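Chemist:
Numbering (UniProt numbering), first residue to last: 1 to 303.
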C-alpha cells in the first residue's frame with residue numbers, strides 16, 4: 001500500500017496577491033503523538049520547480065513522513081510562480097506564509113518552534129526568506145537547494161534526453177501571462193522527461209538563462225547568494241546527492257564551507273542521488289529514509 005499521511009491535509013488561504021489566492025497545506029501527526037499543550041513543532045516547506053513551476057503538493061512523502069513520525073506538524077506552502085512575478089515577490093510570499101503561521105492561525109501548531117525549509121528553488125526561497133525575517137526561525141532545512149544564483153551553473157546549459165522547443169513553452173514563459181501560484185510538477189525523474197509547465201522549468205536549464213526569467217529585469221544575481229546572507233544564528237541541515245544534474249553537489253559544499261567559516265551549526269548529509277531523488281523514496285523503506293531521519297534528528301536538538 002502506498003504511504004498516506006495519518007490525517008488528511010487541511011488547506012488554508014494565507015494571502016491573496018495579484019488577484020490570486022495563495023494556499024498552504026497542514027499535515028498533523030497521528031494520534032500516537034499526544035499534542036503538547038503549546039502544539040506541535042512545525043516545519044514550513046517551500047516546493048521545488050525552478051521558480052516557474054510546482055505546487056505545495058510537490059513534496060516527497062518521506063519528508064512529510066519523517067517529520068510526522070517525529071511528532072511535528074508539516075506545512076507546505078504555495079507561492080506565485082515566475083516569470084509572471086519574480087523571486088523578490090516569491091520571497092514576500094514565503095515571509096507572509098511564515099508570518100501567517102506565526103500568527104497562530106493553525107490549531108495544534110506551536111508557532112514558536114518553527115523550521116523554515118525547502119528543496120531546489122524552494123531551498124533558495126526558504127533560506128533567503130528566513131534571513132530576511134525580523135525574528136529568525138530556530139533552524140533551516142534544505143534539500144539540494146538552488147541557493148546561489150551567481151554560480152556558473154545557473155548559466156550552464158543542461159542537456160536532457162530530448163530537447164525542448166521554445167514553441168512548446170513560450171506561453172508559460174510570457175511575463176505578461178496570468179499569474180498563478182499552483183502548477184503541480186509533472187516529470188519522470190528516471191528519464192528526466194517533463195510535461196506541461198514543467199517543460200518551461202527544464203527549458204530554462206537547457207538554455208542556461210533562468211536568471212533572465214526569475215529576477216527583475218536588469219537586476220544582478222549577487223544578492224541571491226545564501227552564503228552571503230548567513231547570520232550568527234544560521235543553523236542549517238542540507239541533504240544533497242552527489243549525482244545531481246540540475247543543482248550541482250558543490251552548491252551545498254560551498255554553502256557548508258561558508259557555514260564553517262562563520263562557526264555556524266550545520267550538517268551536510270550526502271547521498272548518491274540525482275536531482276529529485278527524494279520524490280521516489282518510499283517512507284516505508286528503512287534504508288531510503290535514513291538521510292531524512294538524520295536531518296529530523298539533528299533539527300530536534302533545536303526544537
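Glycine included, each C-beta is placed from N, C-alpha and C at the ideal position.
Just so we're clear, the structure is a prediction, and the values are computed from it rather than from any experiment.
1. Can you give the Cα-Cα distance for residue 170 and residue 183, rounded to whole angstroms?
2. Leaving out five residues before and five after residue 83 in sequence, what residues of the same chain have Cβ atoms less than 7 Å from its Cβ?
3. Under 9 Å between the Cβ atoms of residue 101 and residue 44?
4. Mind pulling the alpha helix (DSSP H) runs of 4 or more residues that sit fully within the UniProt domain "Alpha/beta hydrolase fold-3" (43-156)?
5. Return the residue from the list 94, 129, 8, 246 that minimises the CA-CA distance to residue 277.
6. Using the Cβ count rule (16 or more neighbours within 10 Å means buried), how would you classify residue 41?
7. In this structure, how does DSSP classify residue 23 when only helix, strand and coil are distinguished?
8. Should the region 114-126 be called in touch with the region 85-97, which here means at least 3 C-beta pairs below 8 Å?
9. Would you mind reading off the limits of the beta strand (DSSP E) that contains residue 4?
10. Checking 9 Å against the spacing of the C-beta atoms, do residue 255 and residue 226 come in under that value?
11. Within this structure, are the beta carbons of residue 24 and residue 180 separated by less than 9 Å?
12. Please go through the region 143-227 and give each complete alpha helix (DSSP H) segment of 4 or more residues, from N-terminal end onward.
13. Taking all protein chains shown into account, do 16 or more other C-beta atoms lie within 10 angstroms of the C-beta of residue 70, making it buried, or fewer, making it exposed?
14. Who are the near neighbours of residue 58 in its chain, counting only those whose CB is closer than 7 Å to its CB and skipping five residues on each side?
15. On the DSSP bridge list, what partners appear for residue 11?
16. Out of curiosity, what's the CA-to-CA distance linking residue 216 and residue 89?
17. My output table needs one value for residue 251: the three-state DSSP class, helix, strand or coil.
18. Going by the beta-carbon positions, is the gap between residue 269 and residue 145 smaller than 9 Å?
19. If contacts are defined as beta-carbon pairs under 8 Å, then residue 293 and residue 66 qualify, I think. What distance do you get, rounded to the angstrom?
20. Terminal residues of the continuous beta strand (DSSP E) containing residue 299?
21. Does the count of Cβ pairs from the region 252-267 and the region 157-168 closer than 8 Å reach three?
22. Determine the burial state of residue 233: buried for a count of at least 16 other Cβ atoms within 10 Å of its Cβ, exposed for fewer.
23. Helix, strand or coil: which one does DSSP assign to residue 256?
24. Run through DSSP, which three-state label would residue 280 get?
Modeler: On the basis of the data shown:
1. The alpha-carbon atoms of residue 170 and residue 183 are separated by roughly 16 Å.
2. Excluding positions up to five away in sequence, the list reads 52, 173, 175, 213, 214.
3. Remark: C-beta atoms of residue 101 and residue 44 approach each other more closely than 9 Å.
4. Whole alpha helix (DSSP H) segments, 4+ residues: 61-69, 87-102, 121-132.
5. Of the candidates 94, 129, 8, 246, 246 places its Cα closest to the Cα of residue 277.
6. Buried, since its Cβ has 16 or more Cβ neighbours within 10 Å.
7. The answer is strand: DSSP assigns residue 23 an E or B state.
8. With a cut-off of 8 Å, the region 85-97 and the region 114-126 count as touching, because enough Cβ pairs lie within range.
9. DSSP places residue 4 outside any beta strand (DSSP E), giving it a letter other than H or E.
10. Closer than 9 Å, so yes.
11. Cβ distance not < 9 Å, so residue 24 and residue 180 don't count as in contact.
12. Correct list: 166-169, 198-207, 210-214.
13. With 16 or more Cβ atoms within 10 Å of its Cβ, residue 70 is classed as buried.
14. Scanning its chain for C-beta atoms nearer than 7 Å, with the 5 sequence neighbours on each side dropped, one finds around residue 58 the residues 47, 48, 49, 184, 185, in chain order.
15. BP columns for residue 11 point to 25.
16. Approximately 10 Å between the Cα atoms of the pair.
17. If DSSP states are grouped into helix, strand and coil, residue 251 belongs with the helices.
18. Not a contact, by the Cβ cut-off of 9 Å.
19. That pair is a contact at about 5 Å.
20. Note, residue 299: premise wrong, no beta strand (DSSP E); alpha helix (DSSP H) at 290-300.
21. Touching, no, given that fewer than three Cβ pairs across the two stretches are closer than 8 Å.
22. With fewer than 16 Cβ atoms within 10 Å of its Cβ, residue 233 is classed as exposed.
23. Three-state DSSP puts residue 256 in a helix.
24. In this structure, DSSP gives residue 280 a helical state, which the three-state scheme calls helix.
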